[in-house]
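**Q**
Numbering (the numbering used here), first residue to last: 18 to 209.
1. Assign residue 139 to one of three DSSP states: helix, strand, or coil.
2. Would you kindly work out how many angstroms separate the C-alpha atoms of residue 67 and residue 91, rounded to a whole number?
3. By Cβ distance below 6 Å, which residues in the same chain neighbour residue 94 in space, the five residues on each side in sequence not counted?
4. Only counting the same chain, and skipping five residues up and downstream in sequence, which positions put a Cβ closer than 8 Å to that of residue 80?
5. Quick check: the region 107-114 against the region 145-153, are there 3 or more CB pairs under 8 Å?
6. Strictly by DSSP, which residues pair up with residue 30?
7. Return the chain-ordered list of same chain residues with a C-beta closer than 6 Å to the C-beta of residue 134, the five sequence neighbours on each side being excluded.
8. Out of 100, 74, 25 and 51, point me to the one whose CA is closest to residue 36's CA.
9. Going by DSSP, what residues sit across from residue 124 in a beta bridge?
10. Beta-carbon of residue 102 versus every beta-carbon of chain D: anything under 8 Å?
11. Using DSSP with H/G/I as helix, E/B as strand and the rest coil, what is residue 114?
12. Can you give me the C-alpha to C-alpha distance between residue 140 and residue 51, rounded to a whole angstrom?
13. Could you tell me how far apart the beta carbons of residue 159 and residue 39 are, in whole angstroms, since I believe they sit closer than 8 Å?
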């Protein structure tokens, strides 16, 4: 697992280590200032995003003043149909945790430990290379969970036990490269 990014500046753009593929999850923790109007989270096919004419697979726009999270994609220099049901589970003046999970046939979004929405893969997940976050948000942590698409898990001999670790607070107890069906929903997949 790649090292998390702690307290990055906003705006923030980064290469997604190993790409974004089924079983991979991005954990975003932050704080929404009391004066915030909006912030955006993009999974995109390059560092420049839609301004550079690159596709955006998932655009999650947290619109505090409008009271919802807009979801959309940007393909061929055009925004597609926006989805916006579900309300706004992120509050002004509070911390939040947002999870982006890639599955074979959809992207799933959870907010503060609860499934929020699913989004159809309008752009193939294997084209997603970058995460971009901008707007009225103070980022505290960005972490990548799930195995690397190109690196197989380490093999251990019978005489050597696998390494042990103690999960940090607000991190998953286990990171599975391919969660079983239904594992993402509810409290069982992530812990607080």
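Note that CB positions come from ideal geometry on N, CA and C, so glycine has one too.
**A** Based on what the coordinates show:
1. Taking the first residue of the chain shown as position 1, residue 139 is located at position 122. Three-state result, residue 139: coil.
2. Counting from one through the chain shown, the residue named residue 67 turns up at place 50. Counting from one through the chain shown, the residue named residue 91 turns up at place 74. When rounded, the distance between both Cα atoms is 7 Å.
3. On the chain shown, position 77 is the one that residue 94 refers to. Excluding positions up to five away in sequence, the list reads 70.
4. Looking up residue 80 in the chain shown gives position 63. The beta carbon of residue 80 lies closer than 8 Å to those of 54, 55, 86, 87 and 105 in the same chain, with the five residues before and after it left out.
5. Because the criterion of three Cβ pairs below 8 Å is not met, the region 107-114 and the region 145-153 do not touch.
6. For the purposes of this step, residue 30 is taken as the residue at position 13 of the chain shown. 149, per the DSSP bridge assignment.
7. Reading the chain shown from its first residue, position 117 is the one you call residue 134. Here the set comprises 103 and 126.
8. Walking along the chain shown from the start, residue 36 turns up at place 19. Residue nearest to residue 36 within the set 100, 74, 25 and 51 is 74 (criterion: CA-CA distance).
9. By 1-based counting over the chain shown, the position of residue 124 is 107. Residue 124 pairs with 119 and 136.
10. The structure shown contains no chain D; it holds only a single protein chain.
11. For the purposes of this step, residue 114 is identified with residue 97 of the chain shown, where counting begins at 1. Strand, per DSSP.
12. Looking up residue 140 in the chain shown gives position 123. Looking up residue 51 in the chain shown gives position 34. Whole-angstrom Cα-Cα distance: 34 Å.
13. As a first step, residue 159 is located in the chain shown; it is residue number 142 there, counting from the start. As a first step, residue 39 is located in the chain shown; it is residue number 22 there, counting from the start. The C-beta distance from residue 159 to residue 39 rounds to 20 Å, too long to meet the 8 Å contact threshold.
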